[in-house]
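The sequence shown begins at 156 in the working numbering and counts up one residue at a time.
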Amino acid sequence: MLSVIALASQLALAIPPHPFSIGNPTQRLSALEQHRQRLGSFDAMYQYLKQGDQHKSLDAGQRQLRTHHLDGKPFYYTLIPPQRIIEGKRYPAIFYLHGDVTAQRWRRNGRWWPFYDLVKQEEYFQIFPAGWHEARWWSDLQVENLRGILNELKAEYAIDSNRIFLTGLSDGGSGIFYIAARTPDLFALVAPAIGSPTVISSAVNGANQETYPINYLNTRMLIVNGTADRLYPADAIEIYANYFRSLGVDVEFIAVSGSHSYPTFRHAHDLMLAKAASISRNPFPETVVMEVDENTAYRRAHWLVVDKISQPTKENLLKGLMEQDNPRAIVEAQASGNMINVYSYSAEQFTILISPEQFDLNRPLTIYVNREKAFEQLISPDIDTLVEYAAKDMDPARLYAKALKFSVKMDAAN
156 MLSVIALASQ
166 LALAIPPHPF
176 SIGNPTQRLS
186 ALEQHRQRLG
196 SFDAMYQYLK
206 QGDQHKSLDA
216 GQRQLRTHHL
226 DGKPFYYTLI
236 PPQRIIEGKR
246 YPAIFYLHGD
256 VTAQRWRRNG
266 RWWPFYDLVK
276 QEEYFQIFPA
286 GWHEARWWSD
296 LQVENLRGIL
306 NELKAEYAID
316 SNRIFLTGLS
326 DGGSGIFYIA
336 ARTPDLFALV
346 APAIGSPTVI
356 SSAVNGANQE
366 TYPINYLNTR
376 MLIVNGTADR
386 LYPADAIEIY
396 ANYFRSLGVD
406 VEFIAVSGSH
416 SYPTFRHAHD
426 LMLAKAASIS
436 RNPFPETVVM
446 EVDENTAYRR
456 AHWLVVDKIS
466 QPTKENLLKG
476 LMEQDNPRAI
486 VEAQASGNMI
496 NVYSYSAEQF
506 TILISPEQFD
516 LNRPLTIYVN
526 REKAFEQLIS
536 PDIDTLVEYA
546 AKDMDPARLY
556 AKALKFSVKM
566 DAAN
């Protein structure tokens, strides 16, 4: 007869690992399906995922060179964990994007960032990914790389999903303007330093995808440039910051005394840390906006997904930084209590994601699309939706119970 301890050990071995302890997306989905069969109900699965993975690495302090594989190619990055990791505590993380990415060649030695010790922080996970001329920061390849790195690290360490920050200098700062428009649900703050939106708006620099500033509405921004910077002078970049602010973006622009140099970035880094100390991401903002065109790969802003663009589209929608005349669409969604108002401009189809953390599922949910009532009923939680988005997001702070898809008539949208 098995002892209680032996029986418990066998049962533990029979239970698959927590899905949020698995960095590989295919294996994570497989584990989710196994837990779905094991737990049975939506409520049990939801509570299990919400608790997150309680068994994380306590390895701290040592700088590590790591590899994230994407499309069969190794993407190297350097990781510096906090000096001390306390069991049960979650820690913030900062991504650092280096400069001179257009001249960099692919390499694996970690020397793309020469200033590790000068930015070292004891209470943060610090992540220094590598970019090079074939994988510039203003590419969807790097957007996918950053997401993949973060998920791998969240699988291993206790990282606070609501306190992820992004900064960078020169080309790294410029690339943030591209990445922020495509990752509105990821960062609590993005802080480009001594960079410029002009870099990602020029085909000469390898930019081939439009970036829509209205998408910055979903992310806090801190932009810092030097008054003596001859490449990207502060007064020229402030014009962009003022334009973003006119769109409603939560942006702070600071001009500091300094040139296009690392000391200026150090000043910007200190400003970012001071701001980051008191803020966190809101996983369920009341208002979300997304503008996309046919070439946009990332079409989601938190709980809103733009699925399909109407043909033809309106001509007077906001243009992107490249000022291209691509067919495009904007969807804005505003939540208040158990009511959502959606305004769709040239979007034929979109999806609203419903979370029990944002809405009361015991009361009917009402949704208006272009001022017409499109939905009013109780939400029946759907475990398929829970599993699908848990696999994508790997984030216990935002779990979804239902994906509501809407189609918009052309005359209603235009």
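All residues carry an ideal CB built from backbone N, CA and C; glycine is no exception. In this text, all values refer to a predicted model and were calculated from it rather than measured experimentally.
*Where Leu225 sits in the DSSP three-state scheme*: strand
*Could you tell me which of Pro388, Leu473 and Glu407 sits nearest to His415, measuring between CA atoms?*
Pro388
_Please tell me whether Ile319 and Tyr279 are closer than 8 Å, where the distance is taken between their beta carbons._
no
_For a test of the three-state rule: what should DSSP assign to Leu508, helix, strand or coil?_
strand
*Reduced DSSP secondary structure (H/G/I, E/B, other) of Arg400*: helix
*Would DSSP call Leu344 helix, strand or coil?*
strand
*Determine the closest residue to Arg553 out of Lys205, Ser329 and Arg183, with distance taken between C-alpha atoms.*
Lys205
*Helix, strand or coil for Ile394, going by three-state DSSP, please let me know.*
helix
*asked:* Measuring only the C-alpha atoms, how far is Gly350 from Asp198?
replied: 46 Å
*Is Gly286 helix, strand or coil when you go by DSSP?*
coil
*Which term fits Asp214, buried or exposed, when burial requires 16 or more other beta carbons within 10 angstroms of its beta carbon?*
exposed
_Between which residues of its own chain and Gln297 is the CB-CB distance below 8 Å, once the five residues before and five after are set aside?_
Pro284, Gly286, Ala290, Arg291, Gly330 and Ile334
*Spell out the partners DSSP gives Ile522 in its beta bridges.*
Ile495 and Phe530
*Pull up the DSSP beta-bridge partners for Arg455, would you.*
Val460
*At what residue ranges does the segment 241-271 contain a whole run of the beta strand (DSSP E), taking only runs of 3 or more?*
246-252
*Same chain, Cβ closer than 6 Å to Arg140, neighbours up to 5 away in sequence not counted*: The shown model of the chain, from 156 to 569, leaves out residue 140, and the question about it has no answer.
*asked:* Which residues does DSSP list as the beta-bridge partners of Ser562?
replied: Gln504
*How close, in whole Å, do the beta carbons of Ala258 and His223 come, if the pair is a contact with beta carbons under 8 Å?*
With a Cβ gap of about 22 Å, Ala258 and His223 do not count as contacting.
*Assign Phe514 to one of three DSSP states: helix, strand, or coil.*
coil
*Please report how far the alpha carbon of Ile485 lies from the alpha carbon of Ser465, in whole angstroms.*
11 Å
_Within 8 Å, strictly: CB atoms of Met477 and Ser401_ = no
*According to DSSP, which residues form a beta bridge with Ala488?*
Val443 and Val497
*Minimum C-alpha distance to Pro519 - residue among Ile495, His253 and Glu307*: Ile495
*Enumerate, from N- to C-terminal direction, the unbroken beta strand (DSSP E) stretches of 3 or more residues contained entirely within the segment 270-336.*
280-284 and 314-324
*Cβ-Cβ distance between Phe505 and Asp462 below 8 Å*: yes
*Once you ignore the five residues that flank Leu184 on each side, which residues in its own chain have a CB closer than 6 Å to its CB?*
Ala546
*Can we say the segment 523-539 touches the segment 554-562, given the rule of at least three CB pairs closer than 8 Å?*
yes
*The beta strand (DSSP E) with Ala410 in it runs from where to where?*
Val406 to Val411
_Proximity of Ala456 and Pro339 at Cβ, strictly below 8 Å_ = yes
*Within 8 Å, strictly: CB atoms of Asn306 and Ala336*: no
*Would you mind reading off the limits of the alpha helix (DSSP H) that contains Met200?*
Phe197 to Gln206
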